[in-house]
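Peer 1: Starting off with a structure, shown below.
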Amino acid sequence: MPVPMLDLKAQFATIRDEVTAALLGAVESQQFIMGPAVGELECALAGYCRTREAIACASGTDALLLPLKSQLKPGDEVITSPFTFFATAGAIWNAGGKPVFVDIDPGTFNLDVEQVEAAITPRTRALLPVHLYGQMAPMERLLDIAGTHGLMVVEDCAQAIGARRQIHGTWRMAGELGTVGAFSFFPSKNLGGYGDGGMMVTQDAALGERLRKLRTHGGAKQYHHDEVGTNSRLDTIQAAVLKVKLPHLDGWNTARRAHAAAYSAMFAGVEGVTPPVTDAANEHIFHQYTVRTPRRDHVVERLKARGIGCAVYYPRPLHLQPCFAPLGYRQGQFPEAERASHEVVSLPIYPELTSGQRDEVVAAVRATLA
Ligand SMILES: Cc1ncc(COP(=O)(O)O)c(C=O)c1O
C-alpha cells in the first residue's frame with residue numbers, strides 16, 4: 090500500500106464545511122486585501138503564542154526578512170544554523186546582513202549553543218535560532234547570551250507553531266520569548282494556508298508598529314512613507330482559512346506526537362535507524378519525523394520505489410551552497426551539519442495518518458535495510 094508523504098486532502102475532508110463557509114464569507118465580503126479576517130487571525134495568533142503583537146505577512150520568508158531589515162545595518166552579522174531551509178540564511182543576506190553559521194547539536198539538529206558564544210564578534214547584531222522539525226532550540230540559553238551581548242533574537246518558528254519548552258518551570262511557546270518569532274503558513278506546515286502566508290509575533294509594541302509599516306511600503310498612512318518597506322500582506326482568503334484551522338492545531342499536533350511515539354517504539358532496536366531525539370524540556374510538534382540512517386540514499390531510493398513518501402530535509406547544508414561561497418566556508422567546517430545532511434530522512438507524518446499506514450512505512454524501512 091503506498092503512503093504519501095503528506096495528505097492534505099485527508100485533512101480538508103475533516104474541515105470541508107468550516108473552510109468552505111469561511112472562504113465564501115471572504116469572497117462575499119470582496120475585501121481581499123486586509124479584510125477583517127486578517128486582524129482577527131492576528132489577534133487569535135497573538136493569543137495563541139502569548140505575544141503582545143502578531144503581524145501577518147506574505148510568507149515565512151518575509152516574516153524573517155522584515156524584522157531583520159528593521160534592525161540590521163549593512164554587514165551586521167547574524168548567527169544561525171547551517172542546517173535549515175534556505176530562507177533562514179537567505180533572509181539575513183537579503184536584509185543586508187552576513188550569515189554566520191554555527192554547527193548543530195547532533196541530537197536535536199538545532200543550533201549547538203555551546204558554539205554560539207565563540208562566533209560572536211563586534212559586528213554581531215542578532216541570533217537566529219531555527220526550531221527545526223518542530224522542537225524548540227534552547228531559548229533560555231540563547232536569551233542569556235543575547236542579553237549579555239545586547240543582541241536581537243529572531244526565532245525561525247516556520248516549522249514549530251505550537252511547540253513549547255519548559256523554562257524555569259513554565260511552558261513557553263515558540264515565538265513567545267524572542268525579539269520576534271517568524272511563522273510560515275506554507276500549505277505543508279502544521280498550520281498551513283491554501284497558498285503562501287506568514288506571521289511575525291513580538292512582545293515589543295513599537296517594533297510591532299514598525300513591522301506593520303514595513304509590510305505596507307513603510308507607511309501607516311496611505312501615501313505617507315516613513316521608510317522604504319515592501320508589499321507583504323497576508324490575503325484575506327488565507328486569513329479566513331487559517332482562522333478556521335487554528336482551533337484544530339493543538340489536536341493535530343497531539344496526533345502528530347502520537348504518531349511519532351508509535352514510530353519510535355517500532356524503530357527501537359532496528360539496526361541502521363536512529364529515531365529523532367526530543368530534548369527533555371521540549372514538547373515537540375513533529376512537523377517532520379526525521380530519522381538518521383547511514384544508508385540514507387539507498388533507503389530513499391527503495392522507499393520511493395515502493396510508493397512510500399519520504400523526503401530529505403536538507404541534503405546540502407547552507408555553508409556549502411554556491412551562493413554563499415563569498416562567505417568563505419569550506420567542507421568539513423561544520424561536521425555535524427554535514428553528517429546530518431547525509432544521514433537524515435523524513436518519513437510520512439500528519440494527523441490523519443492511520444496506524445496501518447504507519448505500519449506500512451516501518452515495514453518498508455525495515456525491508457530496505459534488510
Ligand atoms: C525553517 C524554515 N524557515 C523559513 C521558511 C520559509 O517559509 P515560507 O516558505 O513560508 O517563505 C521555511 C519554509 O519552508 C522553513 O521551513
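Sequential numbering from 90 applies to the sequence shown in the working numbering.
The beta-carbon is built from N, C-alpha and C at its ideal position, and this holds for glycine as well.
Under 7 Å: does the beta carbon of A176 sit that close to some heavy atom of ligand 3?
Peer 2: This structure simply doesn't include ligand 3; it includes ligand 1 instead.
Peer 1: Specify, as a first and last residue, the run of the beta strand (DSSP E) that P188 falls within.
Peer 2: By 1-based counting over the sequence shown, the position of residue 188 is 99. 187-190 is the extent of the beta strand (DSSP E) around P188.
Peer 1: DSSP has Q255 in a bridge; who is on the other side?
Peer 2: Residue numbering aside, residue 255 sits at position 166 when the sequence shown is read from its first letter. According to DSSP, which records beta bridges pairwise, Q255 is partnered with W260.
Peer 1: Between the Cα of K187 and those of Y418, E244, S444, spot the shortest distance and give me the residue it belongs to.
Peer 2: Translated into positions along the sequence shown, residue 187 becomes position 98. Among Y418, E244, S444, the Cα nearest to that of K187 is on Y418.
Peer 1: Spell out a yes or no on whether the region 204-215 and the region 237-244 are touching, meaning 3 or more CB-CB pairs, one atom from each, closer than 8 Å.
Peer 2: Result yes; three or more Cβ-Cβ pairs closer than 8 Å.
Peer 1: Where do the N-terminal and C-terminal ends of the beta strand (DSSP E) with M288 fall, by residue?
Peer 2: Start at 1 with the first residue of the sequence shown, and residue 288 comes out as number 199. Element bounds for M288: 287-291.
Peer 1: What span of residues does the alpha helix (DSSP H) with L134 cover, start to end?
Peer 2: On the sequence shown, residue 134 is found 45 positions in, with the first residue counted as 1. Run containing L134: 125-138, per the alpha helix (DSSP H) assignment.
Peer 1: If you follow the beta strand (DSSP E) that H166 is in, where does it begin and where does it stop?
Peer 2: What you label residue 166 is simply residue 77 of the sequence shown in a count that begins at 1. Note that residue 166 is Glu in the sequence shown here, rather than His. It spans 166-169 - the beta strand (DSSP E) in which E166 sits, taken as one unbroken run.
Peer 1: Could you tell me whether any non-hydrogen atom of ligand 1 is closer than 7 Å to the CB of Q160?
Peer 2: Residue numbering aside, residue 160 sits at position 71 when the sequence shown is read from its first letter. No; taking the cut-off as 7 Å, the Cβ of Q160 has no heavy atom of ligand 1 nearer than that.
Peer 1: Between V242 and T177, is the Cβ-Cβ spacing less than 8 Å?
Peer 2: The count along the sequence shown starts at 1 and reaches residue 242 at position 153. The count along the sequence shown starts at 1 and reaches residue 177 at position 88. Taking 8 Å as the Cβ cut-off, V242 and T177 do not qualify as a contacting pair.
Peer 1: On the criterion of 16 or more Cβ atoms from any shown chain inside 10 Å, does V433 qualify as buried, or is it exposed?
Peer 2: On the sequence shown, residue 433 is found 344 positions in, with the first residue counted as 1. Under this definition V433 is a buried residue.
Peer 1: Take every Cβ of the region 314-331, pair it with every Cβ of the region 280-291, and state whether three or more of those distances are shorter than 8 Å.
Peer 2: Contact between the region 314-331 and the region 280-291 is present, because at least three Cβ pairs lie under 8 Å.
Peer 1: Any idea which residues DSSP pairs Y378 with across the strands?
Peer 2: Along the sequence shown, one-based indexing puts residue 378 at 289. Per DSSP, L436.
Peer 1: Thinking L303 and S159 are a contact (beta carbons under 8 Å), I'd like their distance in whole angstroms, please.
Peer 2: Along the sequence shown, read from residue 1 onward, the residue named residue 303 stands at position 214. Along the sequence shown, read from residue 1 onward, the residue named residue 159 stands at position 70. Yes, L303 and S159 are in contact; Cβ-Cβ is about 6 Å, under 8 Å.
Peer 1: At what residues does the beta strand (DSSP E) containing L323 begin and finish?
Peer 2: Position 234 of the sequence shown holds residue 323. Run containing L323: none; DSSP gives neither H nor E here.
Peer 1: Over what stretch of residues does the beta strand (DSSP E) that includes M94 continue unbroken?
Peer 2: Mapped onto the sequence shown, residue 94 falls at position 5. Segment: none, M94 is in no beta strand (DSSP E) and carries neither H nor E.
Peer 1: Contact defined as beta carbons within less than 8 Å: I believe L157 pairs with I181. What is the distance between those atoms, to the nearest angstrom?
Peer 2: In the sequence shown, counting from the first residue as 1, residue 157 sits at position 68. In the sequence shown, counting from the first residue as 1, residue 181 sits at position 92. The pair is a contact, with the Cβ atoms about 6 Å apart (cut-off 8 Å).
Peer 1: Below 8 Å on the Cβ atoms is my guess for R254 versus A370; work out the distance and round it to an integer in Å.
Peer 2: Counting from one through the sequence shown, the residue named residue 254 turns up at place 165. Counting from one through the sequence shown, the residue named residue 370 turns up at place 281. That belief holds up - the Cβ atoms of R254 and A370 are roughly 5 Å apart, short of 8 Å.
Peer 1: With the cut-off set at 8 Å, would you say A463 and P404 are in Cβ contact?
Peer 2: This structure cannot settle anything about residue 463, because the visible part of the chain is limited to 90 through 459.
Peer 1: For the alpha helix (DSSP H) that contains T343, what are its first and last residues?
Peer 2: In the sequence shown, the residue the question calls residue 343 occupies position 254. Per DSSP, T343 belongs to the alpha helix (DSSP H) from 338-356.
Peer 1: Say yes only if the C-beta of Q422 is nearer than 7 Å to one or more non-hydrogen atoms of ligand 1, and no if none qualify.
Peer 2: For this step, residue 422 is matched to residue 333 along the sequence shown. Every heavy atom of ligand 1 is 7 Å or more from the Cβ of Q422, so no.
Peer 1: Give a yes or no on contact between the region 214-228 and the region 254-269, applying the rule of three or more CB pairs nearer than 8 Å.
Peer 2: Because the criterion of three Cβ pairs below 8 Å is met, the region 214-228 and the region 254-269 touch.
Peer 1: Between the Cα of R428 and the Cα atoms of E441, R385, A394, which residue gives the shortest distance?
Peer 2: Counting from one through the sequence shown, the residue named residue 428 turns up at place 339. Ranking the options by Cα distance to R428, first place goes to R385.
Peer 1: If you reduce the DSSP assignment to three classes, tell me which class N371 lands in.
Peer 2: Along the sequence shown, read from residue 1 onward, the residue named residue 371 stands at position 282. Strand at N371.
Peer 1: Going by C-alpha to C-alpha distance, which of P171, G164, G264 sits closest to Y137?
Peer 2: By one-based count along the sequence shown, residue 137 stands at place 48. Minimum Cα distance to Y137 is reached at G264.
Peer 1: Any chance the CB of F275 is under 7 Å from a heavy atom of ligand 1?
Peer 2: Taking the sequence shown and counting its residues from 1, one reaches residue 275 at position 186. Yes - ligand 1 has a heavy atom lying nearer than 7 Å to the Cβ of F275.
Peer 1: Alpha carbons only, please: which of V189, V359, G307 is nearest the one belonging to F172?
Peer 2: As a first step, residue 172 must be located in the sequence shown, where it is residue number 83. With distances taken between Cα atoms, F172 lies closest to V189.
Peer 1: Here's a check: name, in chain order, each residue in its chain whose Cβ is nearer than 7 Å to the Cβ of D151, leaving out the five neighbours to either side.
Peer 2: As a working mapping, residue 151 is identified with position 62 in the sequence shown. So the list reads G287, S321, once near-sequence residues are dropped.
Peer 1: Got a sec: does ligand 1 put a non-hydrogen atom nearer than 7 Å to the Cβ of T150?
Peer 2: Locating residue 150 in the sequence shown gives position 61, counting from the first residue. Yes, ligand 1 has a heavy atom inside 7 Å of this Cβ.
Peer 1: With burial defined as no fewer than 16 other Cβ atoms inside 10 Å of the residue's Cβ, what is the status of H376: buried or exposed?
Peer 2: Along the sequence shown, one-based indexing puts residue 376 at 287. The residue is buried, with at least 16 neighbouring Cβ atoms inside 10 Å.
Peer 1: Flag this pair as touching only if the region 287-298 and the region 140-148 have three or more C-beta atom pairs under 8 Å; answer yes or no.
Peer 2: Taking 8 Å as the limit for Cβ pairs, the verdict is that the region 140-148 does touch the region 287-298.
Peer 1: Would a C-beta distance cut-off of 8 Å place V333 and V108 closer than the cut-off?
Peer 2: On the sequence shown, position 244 is the one that residue 333 refers to. On the sequence shown, position 19 is the one that residue 108 refers to. The answer is yes: Cβ separation under 8 Å.
Peer 1: Please classify T210: is it buried, with 16 or more other beta-carbons within 10 angstroms of its beta-carbon, or exposed?
Peer 2: Your numbering for residue 210 matches position 121 in the sequence shown. With fewer than 16 other Cβ atoms within 10 Å, it is exposed.
Peer 1: Distance check for I397 and V388, CA to CA, integer angstroms please.
Peer 2: To locate residue 388, count along the sequence shown from 1; it is residue 299. To locate residue 397, count along the sequence shown from 1; it is residue 308. Cα-Cα distance, rounded: 11 Å.
Peer 1: If you compare alpha carbons, which of E372, Y439, K98 is closest to T259?
Peer 2: For the purposes of this step, residue 259 is taken as the residue at position 170 of the sequence shown. Nearest C-alpha to T259: E372.
Peer 1: Measuring alpha carbon to alpha carbon, tell me which residue in E360, H314, D96, R345 is nearest A456.
Peer 2: Along the sequence shown, read from residue 1 onward, the residue named residue 456 stands at position 367. Selected option, being the one with the closest Cα: E360.
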